[in-house]
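Engineer: Protein chains in written order, with the numbering used here: chain A, 1 to 288; chain B, 1001 to 1288. Ideal Cβ positions, reconstructed from N, Cα and C, are used throughout, including at glycine. None of these values were measured; they are calculated from a predicted model. Take a look at this one; I'll ask things after.
2 protein chains.
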Amino acid sequence: MAAQVERRLADFLSGVRGPVAPPDRLAAAMRYAALGGGKRLRPFLLIESAALFGVKLENALDAATALECIHAYSLVHDDLPGMDDDAMRRGRETVHIAYDEGTAILVGDGLLTLAFEILATPETHSDPAVRGELTLGLARAAGWAGMAGGQSLDLEAEGKRLRADEVRHLQALKTGVLIQYACIAGSILGQAPVRERSALEAYGRLLGQAFQLADDLLDVTGDEAKLGKRTGKDGDAGKATLVSLLGLEHAKTELLRLEAETIDALEVFGDRANILRETARFVSRREH
Amino acid sequence: MAAQVERRLADFLSGVRGPVAPPDRLAAAMRYAALGGGKRLRPFLLIESAALFGVKLENALDAATALECIHAYSLVHDDLPGMDDDAMRRGRETVHIAYDEGTAILVGDGLLTLAFEILATPETHSDPAVRGELTLGLARAAGWAGMAGGQSLDLEAEGKRLRADEVRHLQALKTGVLIQYACIAGSILGQAPVRERSALEAYGRLLGQAFQLADDLLDVTGDEAKLGKRTGKDGDAGKATLVSLLGLEHAKTELLRLEAETIDALEVFGDRANILRETARFVSRREH
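Structure follows, in structure tokens:
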């Protein structure tokens, strides 16, 4: 499935779909940022959540691609010198190193805007009300009260000693809401009944927490070669994580508890949700 | 009308409309960026274009506010050190000076995303197809093949000698398409017939050209106190403008010709479009 997301992203980023061709250099930098790497976790979650309601892969692929554009934009902007100032990402130079800082800002802006262009395109879903719901949900998940807000809290947190509840809130915004949106978007595409939407909302929220906790653990215990990025970053930056606040063993126990709760949230779907259950196990136990 | 746009912007930026409150510091920085200044030209054009088709101010105000969010975001990102590196805007410190660089990046991202949140909200228009058309048009106008693409061409142009046609293309993307979108959005809200949509498209395109040429002339001949920003910037940065390429007198003549053509494009509307005609005169003859 990652290959199909990659192909669709490459197709959108070829620049031939819109009515006007984008400038070559910006388009190349956007392809550099978005293609050739990444776990494609969010598109996978969207596609598998939609599949619970009989939505075929090809009918979820455009919304999934839009979501991945948002994720890719956030990485490019987070890596900028004015933010986390990272030179490497997925084993390659970050965009502002490979190109320049101004281009990296525009690559992020371009990918963010492209996500909404894709969601508003009639090919993404025949019903404009569904497209509108997808758009509203994505804007809220990605915006100032979502992912961008979380990144802002992260900037403010530098050099401060956050409590565990503050770290949880920061991480819920910074990474949680977009992972949760992936699952909610699947239920929007599937025009799912309320009860099943709520179940996916809970699953997405818990999965986002597990994902972040696993990430924080990998930053302490992980292998740089497998991860394709520096480890120990949070400690070096003086950033509080749940691992530093709870201790390594307690954090590992909490991750196991989250994994179980995430799987429990899918009960309403019975065996239909086995792939999402497997995903919860993968997210908690991944090594990269 | 600028006061009403300001109030609506302030209302959206109060952070109490969405389901989740945004972080205080980011919200304050977004208000700093978007409120208390600006000509509000784009909202004005949207509202007056919609009014041609009987759309009331209050029914065009949300779309106009979304458009102004996009304009405000573009100024914040353009002012960043990695882009134009400007310390002053509208007589005040730019966002990365008043706050910090990371916050300025997030302010831009937040305003860009908020624009799409507003357009996707049912209150903006009762018909989801209309909201979708507004969203698609804005994403195309603001994105990699529009405004962001123009900014990228501008970065590439530094130190190069562009021809007049290249400058025109750069400026059409960088400032033209968003001004044109304001007029097109009015016709979308008004669900206007094709012939009148085309007339507004032409008007918007020509007005965008006149606006940019007037801006370039003001950079050479304008008064810093009235403008609230440095003049002579383009010359200092070695940027080619139509004024430097055509010469001052030729550029002034071209602006008069554009003003006349812009007004001619409104012929189909008769006297209904007198305010838009007046706007064309104002844009060409403004002193700030």
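#1: Over the uninterrupted alpha helix (DSSP H) stretch that includes B:His1096, give me the two end residues.
#2: Go through its chain and collect everything with a Cβ distance to B:His1169's Cβ below 8 Å, but skip five positions before and after it.
#3: Measuring straight from C-alpha to C-alpha, what distance separates A:Leu162 and B:Pro1022?
#4: Quick check: the Cα distance between A:Ile275 and A:Ala265, rounded to an integer number of angstroms?
#5: Going by DSSP, name the residue or residues bridged to B:Met1088.
#6: Starting from B:Thr1231 and walking both ways along the alpha helix (DSSP H), at which residues does that stretch end?
#7: Going by C-alpha distance, which of B:Val1177, B:Pro1081, B:Arg1195, B:Gly1149 is nearest B:Leu1045?
#8: When the Cα of B:Gly1018 is compared with those of B:Val1076, B:Gln1171, B:Ala1115, which residue comes out closest?
#9: Closer than 8 Å, CB to CB, is B:His1288 near chain A or not?
#10: Would you kindly check if the distance between the Cβ of A:Ile70 and the Cβ of A:Met1 is under 8 Å?
#11: Comparing the C-beta of A:Glu27 with each C-beta of chain B, is any distance below 8 Å?
#12: Distance check for B:Ala1192 and B:Arg948, CA to CA, integer angstroms please.
#13: Whose C-beta lies closer than 8 Å to the C-beta of B:Ala1251 among residues of the same chain, with five residues either side of it excluded?
#14: Starting from the beta carbon of B:Val1020, find every residue of chain A whose beta carbon is closer than 9 Å, and list them in chain order.
#15: Can you tell me which of the three DSSP states A:Thr241 falls into?
#16: Please report the straight-line C-alpha distance between A:Gly37 and A:Ser126, rounded to a whole angstrom.
#17: State the Cα-Cα distance for the pair B:Gly1247 and A:Ala237, rounded to the nearest angstrom.
#18: Using only alpha-carbon positions, find the residue among B:Leu1052, B:Val1005, B:Val1020, B:Tyr1032 that is nearest to B:Gly1190.
#19: Within the segment 1173 to 1229 of chain B, note down every full alpha helix (DSSP H) run reaching 4 residues or more, in order along the chain.
#20: Cβ of B:Gly1082 within 8 Å of Cβ of A:Glu101?
#21: Here's the rule: buried if 16 or more other CB atoms are within 10 angstroms of the residue's CB, otherwise exposed. What is A:Arg131?
#22: Can you find a CB in chain A that lies within less than 8 Å of the CB of B:Ile1105?
#23: Would you kindly work out how many angstroms separate the C-alpha atoms of A:Val268 and A:Leu255, rounded to a whole number?
#24: Please check the pair B:Leu1173 and B:Met1147, which I expect to be a contact at CB under 8 Å, by giving their CB distance rounded to whole angstroms.
#25: Would you mind working out which of A:Ala260, A:Glu287, A:Arg286, A:His288 sits nearest A:Arg277, comparing C-alpha positions?
#26: Counting only Cβ-Cβ distances shorter than 7 Å, please list the residues of the segment 1113 to 1142 of chain B near chain A, keeping chain order.
#27: For A:His288, tell me which candidate among A:Leu258, A:Arg272, A:Gly270, A:Thr221 has the shortest Cα-Cα distance.
#28: Residues of chain B with CB under 9 Å from A:Leu153, in chain order?
#29: Taking 8 Å as the CB-CB cut-off, is A:Asp109 touching chain B?
#30: Measuring only the C-alpha atoms, how far is B:Ala1137 from A:Ser14?
Structural biologist: So, from the listed chains and residues:
#1: If you look at B:His1096, you'll find it in the alpha helix (DSSP H) that goes 1095 to 1098.
#2: Leu1153, listed in sequence order.
#3: 18 Å
#4: 13 Å
#5: B:Glu1093
#6: Here B:Thr1231 belongs to no alpha helix (DSSP H), and DSSP marks it neither H nor E.
#7: B:Val1177
#8: B:Ala1115
#9: no
#10: no
#11: According to the sequence as given, residue 27 of chain A is Ala; it is not Glu. Yes, A:Ala27 counts as interfacial toward chain B.
#12: Given that chain B is displayed from residue 1001 to residue 1288, the structure contains no residue 948 of chain B and the question cannot be resolved.
#13: Leu1213, Asp1216, Leu1217, Leu1242, Val1243
#14: Correct list: Arg140, Ala145, Gly146, Gly149, Leu173, Val177.
#15: Three-state result, A:Thr241: coil.
#16: 30 Å
#17: If you draw a straight line from the Cα of B:Gly1247 to the Cα of A:Ala237, it is about 53 Å long.
#18: B:Leu1052
#19: List check, alpha helix (DSSP H) in window: 1177 to 1189, 1194 to 1221, 1224 to 1227.
#20: yes
#21: buried
#22: yes
#23: 23 Å
#24: Your pair B:Leu1173 and B:Met1147 checks out as a contact, with CB atoms roughly 7 Å apart and the cut at 8 Å.
#25: Minimum Cα distance to A:Arg277 is reached at A:Ala260.
#26: Thr1113, Leu1114, Phe1116, Glu1117, Ala1120, Thr1121, Pro1128, Ala1129, Arg1131, Gly1132, Thr1135, Leu1136, Ala1139, Arg1140, Ala1142
#27: A:Thr221
#28: Pro1023, Arg1025, Leu1026
#29: yes
#30: Ala is not the amino acid found at residue 1137 of chain B; the sequence shown has Gly there. Each residue's alpha carbon lies about 20 Å from the other.
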